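J.: The structure follows.
There are 2 protein chains.
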Amino acid sequence: MLVMKAPSVRIDDVARLAGVSMITVSRTLRRPDLVKPATRDRVQRAVETLGYIPNSSASALASRRSGIVGVLVPTIGNSIFAETVRGVSDSLAGRNMQILLGDYGYSAERERSLLRALAGRQLEALIVVGLVREASDRALLASLAIPVVETWDLTRKPVDRAVGFSNRGAGSLAARHFLGAGRHSLAFGGGNDIRGRARAQGFTETARRGAASAVAVTRDVGTAVGSGRELLDEILRQQPDTDAIFFANDVLAVGALLELRDRGLAVPGRVAVMGLGDLELGRAYRPQLSTISVNAYKIGAPAGDIALARIDGVGAGPRVVDVGLELLLRETG
Amino acid sequence: MLVMKAPSVRIDDVARLAGVSMITVSRTLRRPDLVKPATRDRVQRAVETLGYIPNSSASALASRRSGIVGVLVPTIGNSIFAETVRGVSDSLAGRNMQILLGDYGYSAERERSLLRALAGRQLEALIVVGLVREASDRALLASLAIPVVETWDLTRKPVDRAVGFSNRGAGSLAARHFLGAGRHSLAFGGGNDIRGRARAQGFTETARRGAASAVAVTRDVGTAVGSGRELLDEILRQQPDTDAIFFANDVLAVGALLELRDRGLAVPGRVAVMGLGDLELGRAYRPQLSTISVNAYKIGAPAGDIALARIDGVGAGPRVVDVGLELLLRETG
DNA sequence: CTGAAAGCGCTTACAG
DNA sequence: CTGAAAGCGCTTACAG
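Chains as they are written, first to last, in the working numbering: chain R, 608 to 940; chain D, 608 to 940.
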């Protein structure tokens, strides 16, 4: 298909057809309330007749408003981060703002270069999954002077704003529950990343303070059912009498449930299992997975809302928003 | 934190410091090979000293190249589409091209408005999940005169290019396999969307041509394990002697496996089960799920490659790329 | 190998 | 309620 580059319609084409100035066309498109109805109608008709679509590069250059929010994620392949992006997307919908997506595939190097690439894009706000830790990156973001929302991890000193929950708190919550249920040989299984380690720490500290024994197995695992099987295997090897396990996410927990079933170990009779994330998978499994509810979508949506509020210059709000944690006790303990 | 809007560094600041013209700075940044090494070094040092980051809106306006590829998905919340986006992202990495993400939440209305919003953004290419069916939308995209890659669904008449597989072919492949394995009471379960219905059609046609009875249950289900349970229930209600079921995706199939286990129905003895998508979940389940391998990432990556090649004006290649289908026979039939 | 001039297509004050 | 002028910060030919 040989397509001739259509000579695109510009704002002065519309102005000429409508018999007004370019500025009136511009105004009709962005502040129609400031234009006399009759004029507005003529302009709108001209826009439709010509199929005029404003050039956003020109608009962004002149107005210093790109209508773009950057979102930086470790990987869009992990459903929890995808859900967070979806929350941001829904928050932005209706404002005609678009998302510029940066996926750095868990590579620190790609993260830095993406941050710099996004920095040149006149973003109106930036939302990142995780905290920005590098001093030079923080300085870069600060120099941009745009709203920045760090999500998932909480910190006392966000670059600008943060929305998330305490990973140590999640671990501690799970341990407290197990202790209260009379379990005494506890274990944690999860990824060997910053979030996993924080959950492990909160879990084991609380367990030991409660006079229970506790092991933590953190490994380079993704969000894979098969990894849950492996973690279970390692946990039982390290601490054979384990009677309660907290996994860093529901997928790992379901993997462990499958492995426990294959081994004929009763849940929760022999071992109690708890996940994190409240995924549909855990709800549909039998026995239904107990979990700590952390809703990825409900991190993304407020992050988007906060970014919008900051862009509008209203609702300063708190610097740090803790979305909190809820224990969802179901059948696995 | 009260941040003063940093007076941003512009290209002429760099030019002044380096003692060259703006144009030489510009050239150093995009075609360093055309600049004398000594000059280049001076410019690069000035860029670093000042922390200069080019304004991409101005660059896009002047060069008519935005460095942005649009990606339109029904929802980023479905992991298969997220994987496709990840494939596109990886394909674009290293070219300093960014993804503008449009998530329309399966709403035809939002899809149309997003398409129009993206149309104004000087995209260098557009990748969409699914086919663009509306004539007005197709006309809009054609008028943009940019590469367009439709993914997942195949068609003989793409707007520009298409990468995907035949949904009817997938259904037919599953049915042929079941027939060859001596099954005679077949069923399909899946979503009541365009892809689900096409898979159902291919499946039932082939089944009946093979003298097997076949029912197809298509419902408004997402990609949920619980939906797989429900579909199984409905299938057995409609056709109690069903001995082989093809599900539109692996998640539904695993849901059915859980339900079959709860009901004490042997797999594959009593019922054979096959999914589609080759998800890790199916591989980690026991018995391991047989599936038709369709790799979402491997649809996204070539889509990105094709877009890049078209942007570069090289490698015309075929208009339609069929990524093909592979039957992965494991333990469930 | 380097630069002066013109222009990309909008919007921002400001004036009336 | 509407418009003339200036400018946003780059890059594109073109010339030398």
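Note that CB positions come from ideal geometry on N, CA and C, so glycine has one too. For clarity, every value in this text was computed on a predicted model and none was experimentally measured.
Leucine 641 of chain D: buried (16+ other C-beta within 10 angstroms of its C-beta) or exposed?
T.: Result: exposed.
J.: Among residues of its own chain, excluding the 5 on either side of serine 779 of chain D, which ones have a beta-carbon nearer than 6 Å to its beta-carbon?
T.: Result list for serine 779 of chain D: Gly809, Thr813, in chain order.
J.: Once the 5 residues before and after alanine 819 of chain D are set aside, which same chain residues still bring their CB inside 8 Å of it?
T.: Counting only Cβ-Cβ distances below 8 Å, and skipping sequence neighbours, we find Ala782, Phe785, Leu786, Arg790, His791, Ser792, Leu793.
J.: Counting only beta-carbon atoms, is proline 661 of chain R nearer than 9 Å to chain D?
T.: Chain D contact via Cβ: present.
J.: Where does glutamine 729 of chain R sit, in a helix, a strand or coil, going by DSSP?
T.: In the structure shown, glutamine 729 of chain R sits in coil (DSSP, three-state: anything other than H, G, I, E or B).
J.: Pick helix, strand or coil for alanine 749 of chain D, following the three-state DSSP scheme.
T.: In the structure shown, alanine 749 of chain D sits in a helix (DSSP, three-state: H, G or I).
J.: Considering only residues of the same chain and omitting the five flanking positions on each side of leucine 936 of chain D, which have a CB-CB separation below 7 Å?
T.: The residues are Ser897.
J.: By DSSP's criteria, phenylalanine 795 of chain R is part of a beta bridge. Which residues make up the other side?
T.: According to DSSP, which records beta bridges pairwise, phenylalanine 795 of chain R is partnered with R:Ala823, R:Phe853.
J.: Going by alpha carbons, who is nearest to proline 661 of chain R out of D:Val739, D:Arg723, D:Arg826?
T.: Closest by alpha carbon: D:Arg723.
J.: Helix, strand or coil for leucine 936 of chain R per DSSP?
T.: Here leucine 936 of chain R sits in coil by DSSP.
J.: Would DSSP call aspartate 929 of chain D helix, strand or coil?
T.: Strand.
J.: Quick one: complete beta strand (DSSP E) runs, 3+ long, within the stretch 623-689 of chain R?
T.: You should have 675-680.
J.: If contact is defined by three or more beta carbon pairs under 8 Å, each pair taking one atom from either stretch, is the stretch 712-729 of chain R in contact with the stretch 850-869 of chain R?
T.: Result no; under three Cβ-Cβ pairs closer than 8 Å.
J.: Return the Cβ separation of valine 941 of chain D and leucine 886 of chain D in integer angstroms, given the expectation that the two are a contact with Cβ distance under 8 Å.
T.: No answer is possible for residue 941 of chain D: it lies beyond the span of chain D, which begins at 608 and ends at 940.
J.: Where does arginine 617 of chain D sit, in a helix, a strand or coil, going by DSSP?
T.: If DSSP states are grouped into helix, strand and coil, arginine 617 of chain D belongs with coil.
J.: Does the distance from the C-beta atom of alanine 823 of chain D to that of valine 901 of chain D stay below 9 Å?
T.: Cβ distance not < 9 Å, so alanine 823 of chain D and valine 901 of chain D don't count as in contact.
J.: Identify every residue that forms a DSSP beta bridge with alanine 879 of chain D.
T.: Looking at the DSSP assignment, alanine 879 of chain D forms a beta bridge with D:Ala851.
J.: At 7 Å on the CB atoms, spell out the chain R contacts of tyrosine 713 of chain D, in chain order.
T.: Those do not exist, as tyrosine 713 of chain D stays about 12 Å from chain R at its closest Cβ, beyond 7 Å.
J.: Roughly how many whole angstroms lie between the Cα atoms of methionine 881 of chain R and alanine 831 of chain R?
T.: Going by the C-alpha atoms only, they are around 16 Å apart.
J.: How would you call glycine 835 of chain D, buried or exposed, if buried means at least 16 neighbouring beta carbons within 10 angstroms?
T.: Classification for glycine 835 of chain D: buried.
J.: List the endpoints of the continuous beta strand (DSSP E) containing arginine 768 of chain R.
T.: Note, arginine 768 of chain R: beta strand (DSSP E), 768-772.
J.: Give the range of the alpha helix (DSSP H) segment to which leucine 838 of chain R is assigned.
T.: Taken as a continuous stretch (DSSP letters only), the alpha helix (DSSP H) holding leucine 838 of chain R covers 832-845.
J.: Using 10 angstroms around the beta-carbon of glutamine 705 of chain D, count the other beta-carbons present and answer buried if the total reaches 16, otherwise exposed.
T.: Looking at its Cβ environment, which holds 16 or more other Cβ atoms inside 10 Å, glutamine 705 of chain D is buried.
J.: Taking the C-alpha atoms as reference points, what is the distance between alanine 1004 of chain R and glycine 907 of chain D?
T.: Since the first residue shown for chain R is 608 and the last is 940, residue 1004 of chain R is missing from the structure and cannot be characterised.
J.: So with CB distances below 9 Å, who are the chain R contacts of arginine 937 of chain D?
T.: Simply none; closest approach about 14 Å.
J.: Tell me the DSSP secondary structure of valine 756 of chain R in three-state form.
T.: Reduced to three states, the DSSP call for valine 756 of chain R is strand.
J.: Buried or exposed for serine 628 of chain R, please, with buried defined as at least 16 other CB atoms from any protein chain shown within 10 angstroms of its CB.
T.: Result: exposed.
J.: Tell me where the beta strand (DSSP E) around leucine 707 of chain D begins and ends.
T.: Start and end: 705-710.
J.: Interface residues of chain R around valine 828 of chain D at Cβ under 7 Å?
T.: Per Cβ cutoff of 7 Å: no residues; valine 828 of chain D is ~11 Å from chain R at best.
J.: Could you pull out every residue in the same chain whose Cβ sits closer than 7 Å to the Cβ of leucine 751 of chain D, ignoring the five residues on either side in sequence?
T.: Result list for leucine 751 of chain D: Ala726, in chain order.
J.: Closest Cβ-Cβ distance between isoleucine 683 of chain D and chain R: below 9 Å?
T.: Yes, isoleucine 683 of chain D counts as interfacial toward chain R.
J.: How would you list, in chain order, the residues of chain D whose beta-carbon sits under 7 Å from the beta-carbon of aspartate 710 of chain R?
T.: Going along chain D in sequence order, the residues near aspartate 710 of chain R (Cβ under 7 Å) are Arg693, Ser696.
J.: What residues match up with isoleucine 899 of chain R in a beta bridge as DSSP calls it?
T.: Bridge partners of isoleucine 899 of chain R: R:Leu883, R:Leu934.
J.: Under the rule that 16 or more other beta-carbon atoms within 10 Å means buried, what is methionine 611 of chain D, buried or exposed?
T.: Residue placement at methionine 611 of chain D is flagged as unreliable, the pLDDT there being 39, under the threshold of 50; a coordinate-derived value is accordingly withheld.
J.: Would you kindly work out how many angstroms separate the C-alpha atoms of arginine 763 of chain D and valine 927 of chain D, rounded to a whole number?
T.: So the alpha carbons of these two residues sit roughly 7 Å apart.
J.: What does glycine 737 of chain R pair with, by DSSP beta-bridge criteria?
T.: Paired residue(s): R:Thr758.
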